[in-house]
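There are 2 protein chains.
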Amino acid sequence: MVETYEQEQNVDKIQQLNEALDSGMFVHVRMMLNDMPPSDVAHLLESSPPRARNLLWKLVNVEREGDILNYLNDEIRNNFVDQMAPQQLAQALEGLEIDDLADILGELPESVYLEVMASMSDQDRHRIEAALVFPEDTAGGLMNIDTITVRPKVTIDVVLRYLRMKGLPDSTDSIYVVDTRDRLLGAVSLATLITSRPESIVEDVLNGEVETINASTPANEVAQIFERRDLLSAPVTDDENRLLGRITIDDVVDVIREEAEHSLMSMAGLDETDDTFAPVWSSAKRRAIWLGINLLTVLVAAQVIGLFEETIKIVTALAILQPIVPSMGGVAGTQTLTLVIRGMSLGHVVAGNSRWLIMKELGVSLINGLLWALCVGTLTYFWFSYTGQSLLLAIAIAGAMVVNLVVGVFAGATLPMTLKKFNIDPALSGGVILTTITDVVGFFTLLGFATLFFA
Amino acid sequence: MVETYEQEQNVDKIQQLNEALDSGMFVHVRMMLNDMPPSDVAHLLESSPPRARNLLWKLVNVEREGDILNYLNDEIRNNFVDQMAPQQLAQALEGLEIDDLADILGELPESVYLEVMASMSDQDRHRIEAALVFPEDTAGGLMNIDTITVRPKVTIDVVLRYLRMKGLPDSTDSIYVVDTRDRLLGAVSLATLITSRPESIVEDVLNGEVETINASTPANEVAQIFERRDLLSAPVTDDENRLLGRITIDDVVDVIREEAEHSLMSMAGLDETDDTFAPVWSSAKRRAIWLGINLLTVLVAAQVIGLFEETIKIVTALAILQPIVPSMGGVAGTQTLTLVIRGMSLGHVVAGNSRWLIMKELGVSLINGLLWALCVGTLTYFWFSYTGQSLLLAIAIAGAMVVNLVVGVFAGATLPMTLKKFNIDPALSGGVILTTITDVVGFFTLLGFATLFFA
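Chains as they are written, first to last, in full-length UniProt numbering: chain A, 1 to 455; chain B, 1 to 455.
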């Protein structure tokens with residue numbers, strides 16, 4: 001039977017499983033779980049609150065645990081792994097691909113790691129140690145070492161007979177041609193193998209222009225190469241062009257997803273690996289830090305207002321107008337910040353074109369600054385006409401608006417590149433720094449202008 | 001020669017090209033451009049300010065324009081397409097894959113579309129019309145129709161000879177087995193073709209459990225299926241299980257990237273297809289709308305402050321403390337909002353578990369509300385001790401803090417699902433509605449409590 005995927009079905013399944021769990025039908029749940037593909041079980045676990053999640057995990061068959069761990073979000077996986085005895089973990093991880101195994105083992109505390117390694121076969125141990133040489137977020141960390149290699153002088157027929165005997169690792173779309181010193185000469189796609197005449201020589205049909213990735217290439221660049229070239233897989237080599245392994249698109253898709261999510265989550269002070277259904281206390285602790293940082297910045301802004309307490313005493317209308325300028329500056333700056341952060345992560349914004357971009361954004365901010373200064377100024381003039389001070393108030397807020405929009409946008413355009421130079425994540429800290437700037441400048445300019453006029 | 005990709009090289013190339021452009025060395029630039037893969041030219045165009053971009057586009061060889069258009073961001077592509085005569089466009093688009101072609105043609109104004117179609121071959125016209133039946137953001141819109149199909153009863157040897165004669169379309173990793181009425185029976189991967197004995201019958205080696213996607217499945221669900229199942233391609237069928245085409249991972253990667261970017265960009269009132277290097281005026285116009293919406297919301301907040309003008313006149317310290325509560329509520333709410341939006345787009349947050357999630361988030365907000373109320377209350381007590389009103393001020397701000405954090409987080413948790421029910425994009429409008437709520441509630445509670453105490 002051909003199986004047609006239905007999102008509806010999946011939602012129903014979550015519902016059914018929850019009901020079965022609630023009514024204690026554990027045998028039924030166990031059967032359902034073990035009928036689902038491991039990626040679906042992982043998704044179900046990720047979609048469950050802690051109590052249900054732990055129950056479900058206990059009902060999973062031991063020999064499927066490794067596969068499921070492999071599909072789980074980092075935070076949840078580490079939680080389960082922490083609860084497992086090293087022996088049990090080693091058993092669960094048997095049969096995983098080396099790159100996935102290295103990912104999981106790389107996160108373990110030293111002592112557990114050593115115990116797990118001790119209960120593995122010599123061959124697997126050597127392969128994992130080789131994989132762990134490369135940092136997780138490089139091509140070396142992403143690659144798998146299950147490449148099929150052939151020599152250039154053999155015929156396609158010989159290759160085909162060899163493959164029929166040996167089989168092909170999962171998601172293999174190319175085999176690689178290497179010389180006697182393991183240096184990569186090129187690739188032969190399965191399509192080429194199939195469509196070439198059997199008596200052809202490998203050398204004559206190989207693709208020598210295959211996109212090759214150095215093991216030290218950062219993961220996000222690997223993702224860009226795959227996206228830009230529409231690759232399904234690519235060979236990974238060392239500095240001497242020796243073949244080390246291959247990267248397949250499924251691992252790259254994870255990088256693309258995580259990278260894109262990173263900006264979104266960081267801008268709210270969250271982490272892309274955060275578990276949506278984490279328990280209350282652990283969530284509260286993490287969020288508290290971000291709220292604490294925000295409190296410090298808003299206290300700075302409050303201090304700025306404090307400088308002008310005397311002016312506010314004379315002109316209370318200022319307290320009413322006060323939120324407008326910082327808010328508009330913050331929004332304008334955040335738009336630029338987001339655009340630049342996205343542009344940098346796509347590789348569009350580089351040193352060579354950033355000056356043009358900054359000038360352009362300043363132009364945009366000046367246009368919008370003048371436009372909204374006019375609107376808000378006019379509005380203020382009529383709104384506070386009863387005070388008899390409304391013309392000066394209007395001028396103060398209009399002036400503050402132009403200044404704060406230009407400053408906010410300038411900060412939004414320049415912060416990401418500046419922070420990156422100091423190796424600070426612009427998505428995480430850019431927004432906080434930006435709104436501190438727009439708050440301080442917003443309050444200072446409005447109340448400053450007002451003090452000049454009224455004090 | 002095996003070519004190793006270097007980000008550095010690419011940045012250098014942009015630099016070189018810009019210098020060559022500036023010094024008018026157009027022949028040189030044309031040579032460089034036509035040596036680059038179309039995806040790199042597209043990337044270069046996306047990374048160039050308007051003037052350089054238009055110059056570069058003019059230097060591209062006509063027969064490469066179609067390929068390059070295919071890799072370009074929607075906004076930039078539409079710009080170029082608008083400038084081309086229909087005849088020229090039809091010529092440029094020749095040789096593109098049908099799904100890509102349909103994407104480009106689907107965006108054209110009716111009159112241009114008809115002219116372009118008129119200058120195409122009958123066969124291409126029919127194929128495009130068939131592809132345009134499905135909306136762009138469904139499986140049918142993503143699919144390509146260049147599938148290879150075979151009958152179940154033939155031998156692998158016959159299939160191999162047939163493929164050797166006919167060749168394989170790009171990124172084919174499976175061929176499909178259909179009955180006489182085109183109904184899908186299963187798939188045979190190239191790996192299976194290679195490793196099966198030539199005398200085997202297709203029927204005996206086919207994979208009947210292949211993940212099949214209905215043509216009406218939304219694109220984001222297609223992306224989830226590909227991610228979850230680590231697919232490289234999948235057959236697309238109609239409601240009667242007839243094979244219509246296939247989707248390949250390269251098209252899905254674009255969906256994943258765009259979907260993930262959509263949330264990030266929307267939260268700043270931007271669009272994921274926005275051109276980073278758009279001209280000043282068109283950027284200014286678009287941003288103005290978002291700033292205008294924000295102005296309306298902050299004016300509502302200002303009105304709320306206005307209600308309490310008399311209280312502020314008596315206790316000016318309130319003007320200083322005023323920004324703290326709305327800011328903290330906004331940050332706490334945005335964290336929850338972002339988490340829930342991400343959870344929904346990953347399919348983790350569904351009706352069945354949303355109640356648990358809302359309760360959990362409320363728990364988190366209460367803990368943080370109490371924590372920061374205590375901090376800010378204590379701080380206020382000492383900060384304004386000189387006024388002699390600092391105890392009541394401290395109680396007012398602490399109370400407002402708890403209320404606003406709980407309200408903000410409740411709004412952040414419930415808004416995305418509520419908005420989705422009304423078919424409103426939560427990422428685009430959720431943030432604006434949320435901060436309006438936290439501003440209004442923040443100001444109202446602080447100033448309201450203060451009025452109770454002091455008026």
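Beta carbons are placed, not taken as given, at the ideal position from N, Cα and C, and that holds for glycine.
Could you check if residue i is buried or exposed, using at least 16 other CB atoms within 10 Å of its CB as the buried criterion?
i                      : result
A:ALA118               : exposed
B:TYR176               : buried
A:MET265               : buried
A:SER23                : exposed
A:THR316               : buried
A:GLN335               : buried
A:PHE308               : buried
B:ALA219               : buried
B:GLU6                 : Residue placement at B:GLU6 is poorly supported in this model, since its pLDDT is 45, which falls under 50; the coordinates are not used for a value here.
B:ARG355               : exposed
A:GLN123               : exposed
A:GLY245               : buried
B:THR149               : exposed
residue 465 of chain B : Any question about residue 465 of chain B goes unanswered here, given that chain B covers just 1 to 455.
A:GLU199               : exposed
B:ALA139               : buried
B:THR380               : buried
B:MET1                 : Its pLDDT being 35, under 50, B:MET1 is placed unreliably in this model, and the value from its coordinates should be taken loosely. Exposed is the call here.
A:ALA351               : exposed
B:THR455               : Contrary to the premise, residue 455 of chain B reads as Ala rather than Thr in this sequence. By the neighbour-count rule (16 or more Cβ atoms within 10 Å), B:ALA455 is not buried but exposed.
A:ASN241               : buried
B:ASP173               : buried
Write down the C-beta distance between residue i and residue j rounded to the nearest angstrom, noting that I regard them as a contact closer than 8 Å.
i                      : j        : result
A:ALA234               : A:ILE213 : 5 Å
residue 456 of chain B : A:LEU291 : This structure leaves residue 456 of chain B out entirely; chain B is present only between 1 and 455.
B:VAL41                : B:VAL60  : 7 Å
A:THR147               : A:LEU243 : 6 Å
B:LEU21                : B:LEU72  : The pair is not a contact, with the Cβ atoms about 19 Å apart (cut-off 8 Å).
B:ASN34                : B:ARG64  : 7 Å
Note down, in chain order, each residue of its chain lying with its Cβ closer than 7 Å to the Cβ of residue i, except the 5 sequence neighbours on either side.
i        : result
A:ALA319 : ILE312
A:GLU261 : GLU272
B:THR229 : Note that residue 229 of chain B is Arg in the sequence shown, not Thr. Here the set comprises GLU211.
A:VAL349 : VAL340, GLY343 and LEU357
A:VAL440 : VAL300, ALA301 and VAL304
B:ALA90  : VAL116, SER119 and MET120
A:PRO416 : LEU337, VAL340, ILE341, MET344, PRO426 and GLY430
Measuring alpha carbon to alpha carbon, tell me which of the options ends up nearest residue i.
i        : options                                   : result
B:GLY269 : A:LEU339, A:ILE156 and A:GLU19            : A:LEU339
B:LEU446 : B:ASN353, B:PRO426, B:ALA394 and B:LYS421 : B:ALA394
A:ALA427 : A:ASP271, A:LEU371 and A:GLY388           : A:ASP271
B:GLY66  : B:LEU93, B:PHE454 and B:ASP274            : B:LEU93
A:ARG77  : A:GLY140, A:GLU46 and A:GLU221            : A:GLU46
B:ARG51  : B:ALA351, B:PHE277 and B:ASP170           : B:PHE277
B:PRO86  : B:GLY95, B:ILE247, B:GLU209 and B:LEU108  : B:LEU108
A:VAL154 : A:VAL304, A:TRP383, A:VAL202 and A:ILE433 : A:VAL202
B:PRO169 : A:ASP170, A:LYS58 and A:ILE194            : A:ILE194
A:SER217 : A:THR237, A:LEU232 and A:LEU206           : Per the sequence presented here, residue 217 of chain A reads as Thr, with Ser not at that position. Of A:THR237, A:LEU232 and A:LEU206, the residue nearest in Cα terms is A:THR237.
A:THR414 : A:LEU434, A:ASN404, A:ALA400 and A:GLY140 : A:LEU434
B:ASP74  : B:ALA332, B:ASP274 and B:CYS375           : B:ASP274
A:ALA400 : A:SER282, A:GLU129 and A:VAL325           : A:VAL325
Can you name, in chain order, every residue of its own chain whose Cβ lies under 8 Å from the Cβ of residue i, other than the five neighbours on each side?
i        : result
B:VAL406 : LEU362, SER365, LEU366 and GLY369
A:ILE305 : ILE312, GLN322, PHE443 and LEU447
Among the residues of its own chain, which have a CB less than 6 Å from the CB of residue i, if the five just before and after it don't count?
i        : result
A:ILE256 : ALA223
A:SER171 : THR248
- [ ] Quick one: which residues of the segment 430-445 of chain B get their C-beta closer than 9 Å to a C-beta of chain A? List them in chain order.
- [x] Residues passing the 9 Å Cβ filter: THR435, ASP439 and PHE443.
Open item on the list: Under 8 Å, CB to CB, which of the residues in the segment 82-98 of chain B have a partner in chain A?
Closed with: Answer in chain order: no residues at all.
TODO: Anything in the UniProt domain "CBS" (143-205) of chain A with a Cβ closer than 8 Å to a Cβ of chain B? List those residues in chain order, please.
DONE: Per Cβ criterion, the list reads LEU160, LEU163, ARG164, GLY167, LEU168, SER171, THR172, ASP173, LEU184, LEU185, GLY186, LEU190, ALA191, LEU193, ILE194, THR195, SER196 and ARG197.
Open item on the list: For the segment 404-421 of chain B, list every residue whose C-beta sits within 7 Å of some C-beta in chain A, in sequence order.
Closed with: Per Cβ criterion, the list is empty.
- [ ] Pull out every residue of the segment 321-336 of chain B whose Cβ sits closer than 8 Å to any Cβ of chain A, in chain order.
- [x] Within the segment 321-336 of chain B, the residues whose Cβ lies closer than 8 Å to some Cβ of chain A are LEU321, GLN322, PRO323, ILE324, PRO326, SER327, MET328, VAL331, ALA332, THR334 and GLN335, listed in chain order.
- [ ] Could you name the residues of the segment 365-378 of chain A whose beta carbon sits closer than 8 Å to any beta carbon of chain B, in the order they occur along the chain?
- [x] Look at the segment 365-378 of chain A: the residues with a C-beta under 8 Å from a C-beta of chain B are ILE367, ASN368, LEU371, TRP372, CYS375 and VAL376.
- [ ] Using a Cβ-Cβ cut-off of less than 8 Å, list which residues of the segment 17-36 of chain A approach chain C; keep chain order.
- [x] This model lacks chain C altogether, as its protein chains are A and B.
Task: Members of the segment 45-65 of chain B that neighbour chain A once the beta carbon cut-off is set at 8 Å - done: Considering only beta carbons, the part of the segment 45-65 of chain B lying closer than 8 Å to chain A consists of GLU46, SER47, SER48 and PRO49, in chain order.
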